[in-house]
Every structure is written in C-alpha cells, then in structure tokens.
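Count the sequence shown with the working numbering and you get residues 43 to 261, in order.
By construction, the Cβ of each residue, glycine as well, lies at the ideal position given by its N, Cα and C atoms.
Working notes, structure below.
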Amino acid sequence: MKEAWLKTVGLVRGKWAHAQAKQDFFYLGCHWVIEANVVNPSLISASRVFAKQAIQVIPDQAKTALDLGTGSGLAAILLAQKGLKVTAVDVSTAALENARANATRNGVELTLFLSDWDASIPPGQKFDYVVSNPPYLVDAQDPAFSAGEQLKQLLRCYHAVRRRLAPGGQALLVSSSWSGRSLVLEHLAAADLRILQSEKKFCGNEWLFLDQCEGVPCS
Numbered sequence: 043m044k045e046a047w048l049k050t051v052g053l054v055r056g057k058w059a060h061a062q063a064k065q066d067f068f069y070l071g072c073h074w075v076i077e078a079n080v081v082n083p084s085l086i087s088a089s090r091v092f093a094k095q096a097i098q099v100i101p102d103q104a105k106t107a108l109d110l111g112t113g114s115g116l117a118a119i120l121l122a123q124k125g126l127k128v129t130a131v132d133v134s135t136a137a138l139e140n141a142r143a144n145a146t147r148n149g150v151e152l153t154l155f156l157s158d159w160d161a162s163i164p165p166g167q168k169f170d171y172v173v174s175n176p177p178y179l180v181d182a183q184d185p186a187f188s189a190g191e192q193l194k195q196l197l198r199c200y201h202a203v204r205r206r207l208a209p210g211g212q213a214l215l216v217s218s219s220w221s222g223r224s225l226v227l228e229h230l231a232a233a234d235l236r237i238l239q240s241e242k243k244f245c246g247n248e249w250l251f252l253d254q255c256e257g258v259p260c261s
C-alpha cells in the first residue's frame, strides 16, 4: 500500500511541477522566470522552504557556497545576494541555462557546471557551505524527484557533499517523510556527515527534514 502511494505521489508531483510552460513569479524580492522542462518552484512549496532556510542558516564564517542540483537557481541566487561566492551545478542543461538567466535577471554572478553531482567541479575544490535539495522520492518517474531504489541518488549526493565540504564547513540537506527517515540517517552516517541541528516543517502533504550537517573528521 505504501509503495503504491509513493508511486502515485511521485507521478503527480512530476506532472504538477511541469504543469505549466514558461512562467514568472516573485519570491523573496527576486524575479524568477521558469522555463519549460525545468522544475517550477512556484508550484513546489518544498523548493521555496528549502531556499528560504538556506539563507537563514548561513554559517557565520561562510564565504563560498555550493548548490548541488540547483534547478532554476533559487537557492544559489539568494545565497549570492547575501554576498557568498556561489558555485551551482545541475545534471540538466535546461535547468543550468535557466539558473544562468535568473542570476543575470537578479544581478548576481554564479559559477555554473553541468555536472552529475560534483563530478565536473575541479578536483580538490572545497566550500564553506554546501546546500542541496536532492531527489528524495523512492519511486518517481521524473528523475528530478526520484532517488531510486534504496535512495541511491540521495546517498550519492551525500558523498558529494562530504567531498566538497571545507574543514569546519556546514551543509544544509533536505529530505522528506516520504523518503523514510531511518534510511536517510543511515546514508548520512555512511557519507560521514553528522547532524548539528534538524528542523521539521510540514509542507503541503509531507514533512520536510532540514538537516544542518558537518563532516565527521577523519580518524
């Protein structure tokens, strides 16, 4: 029963997120234009909650930030407006070009990479603050939402986060009650990430977990 429900959720969310063609909206003082074939954060409240949280919990010492899976650039652009030097990546060319256009529209600069998680980022480059709203549904047809069997994309994301965290850096990571909290926690531990603080927010028809994390020091 649960598996069938999650499959339905994934299908509906994928269709809803792309339900409208090119659309513009205003959020947190910025003008956003969302192109066709890019997830529309005006239709997905979790995207907006994540982006707002990202700028509310910026670590005091942070000067550089990485947004893994930037989509239309919502979180990355808001972080850049706070004065951080932001790198943003996405596996979708359409999303990356949309993020580039939104950055120009809102008067900020982003360093952008077309990348499967952190694969295209120069080796050894680290960031003070890493944020990601990764795919977290177990079964969804749209890859923008599907984490795959055993949340394998979530685990890949977490390993990328750990690789890119500078010493003393922090991350903000999102998951959902639909993900299965125990498996999310297992994946965080497997990637050597430790939760410093977690907020749980009800968002539409799911609970979001907004986890502030640090890397576990190598022994």
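Opening and closing residue of the beta strand (DSSP E) in which residue i lies
i: residue 245; result: 235–245
i: residue 76; result: 72–76
i: residue 174; result: 169–174
i: residue 252; result: 248–257
i: residue 69; result: 65–69
i: residue 106; result: 106–110
CB contact flag (residue i, residue j, <7 Å)
i: residue 158; j: residue 128; result: no
i: residue 241; j: residue 227; result: no
i: residue 116; j: residue 83; result: yes
i: residue 131; j: residue 155; result: yes
i: residue 204; j: residue 234; result: yes
i: residue 77; j: residue 140; result: yes
i: residue 160; j: residue 90; result: no
i: residue 195; j: residue 99; result: no
i: residue 221; j: residue 250; result: no
i: residue 229; j: residue 197; result: yes
i: residue 70; j: residue 118; result: no
i: residue 208; j: residue 168; result: yes
Nearest neighbour of residue i, chosen from the options [CA to CA]
i: residue 223; options: 192, 212, 210, 201; result: 192
i: residue 96; options: 199, 77, 122, 72; result: 122
i: residue 213; options: 220, 225, 200; result: 200
i: residue 135; options: 249, 217, 81, 232; result: 81
i: residue 126; options: 105, 67, 120; result: 105
i: residue 243; options: 66, 163, 94; result: 94
i: residue 120; options: 138, 168, 92; result: 92
i: residue 124; options: 150, 138, 137; result: 150
i: residue 259; options: 248, 239, 231, 247; result: 231
Start and end residues, alpha helix (DSSP H) containing residue i
i: residue 200; result: 194–206
i: residue 85; result: Residue 85 -> no alpha helix (DSSP H), and no H or E assigned at all.
i: residue 227; result: 223–232
Rounded Cβ spacing between residue i and residue j (contact assumed at less than 8 Å)
i: residue 257; j: residue 176; result: Actually they are not in contact, since the Cβ atoms of residue 257 and residue 176 sit about 17 Å apart, beyond 8 Å.
i: residue 147; j: residue 75; result: 7 Å
i: residue 245; j: residue 87; result: 5 Å
i: residue 210; j: residue 103; result: 7 Å
### Task
Let me know the alpha helix (DSSP H) ranges lying completely inside the stretch 121–165, each 4 residues or longer, listed in chain order.
Fully enclosed alpha helix (DSSP H) runs of 4 or longer: 135–147.
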